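In our numbering, the protein residues as written are -1 to 186.
Structure representation (structure tokens):
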């Protein structure tokens, strides 16, 4: 269902974020994002001078390489378009994310390693979304591992996703459908 019809308006700014998840030949996974900011009007930028409409103000790339346990093996960032010539100097610092695990506390850990003047606000913001793309990319692999553990008789664990949104509210019909054993355990 689309949004309601908007009021009369004039376009001012456009941010495009494109993300993809890939399985690599070596068994690792790449999660890549590209952020592009443009204006619908021309303006004078302090360092770059006159910026015609549609000229990228920000054009940034970031890639996380992760394993199927969500451990980051490498992070690479690049800034093709920035408002200031010093901005690309932050990109190499994102390599500091290697060794982090995507999961609870990830955003806090990112802030500790590349927060403030060590990083770039826009690249940091994209990382939170990249974490969810990593989960989407690796879901089939992680689900197969879970099923194999259950088939081998391992104790079932409550999925960490329970309680993270409306659909995964512990007593929701979605949880009962996906994990019927949780509903059975709750009834006992």
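The beta-carbon is built from N, C-alpha and C at its ideal position, and this holds for glycine as well. These figures come from a predicted structure and were not determined experimentally.
Could you name the residues that DSSP lists as bridge partners for residue 153?
Per DSSP, none; premise fails for residue 153.
Quick check on this structure: which residue in -1, 127, 44 and 93 has the alpha carbon closest to the alpha carbon of residue 33?
Nearest option by C-alpha distance: 127.
Taking the beta strand (DSSP E) that residue 14 falls in, what are its first and last residues?
Residue range 11 to 21 is occupied by the beta strand (DSSP E) that includes residue 14.
Does the stretch 148 to 163 come close enough to the stretch 67 to 81 to have 3 or more Cβ pairs within less than 8 Å?
Short answer: they don't touch.
Given 8 Å as the limit, is there contact between the stretch 64 to 72 and the stretch 95 to 103, that is, 3 or more CB pairs closer than that?
Yes: at least three Cβ pairs fall under 8 Å.
Of the listed residues 74, 102, 21 and 105, nearest to residue 90 (C-alpha basis):
Cα-wise, what sits closest to residue 90 is 74.
Would you kindly work out how many angstroms separate the C-alpha atoms of residue 105 and residue 118, rounded to a whole number?
Per the coordinates, the alpha-carbon of residue 105 lies some 14 Å from the alpha-carbon of residue 118.
Considering only the beta carbon of each residue, do residue 35 and residue 13 sit closer than 9 Å?
Yes.
Across which residues does DSSP place residue 73 in a beta bridge pair?
According to DSSP, which records beta bridges pairwise, residue 73 is partnered with 62.
Identify every residue that forms a DSSP beta bridge with residue 28.
Beta-bridge analysis with DSSP links residue 28 to 20 and 63.
Given that a residue counts as buried once 16 or more other Cβ atoms are within 10 Å of its Cβ, and exposed if not, what is residue 159?
That one is exposed.
What is the residue span of the beta strand (DSSP E) that residue 87 lies within?
Judged by DSSP secondary structure, residue 87 falls outside any beta strand (DSSP E); it is assigned neither H nor E.
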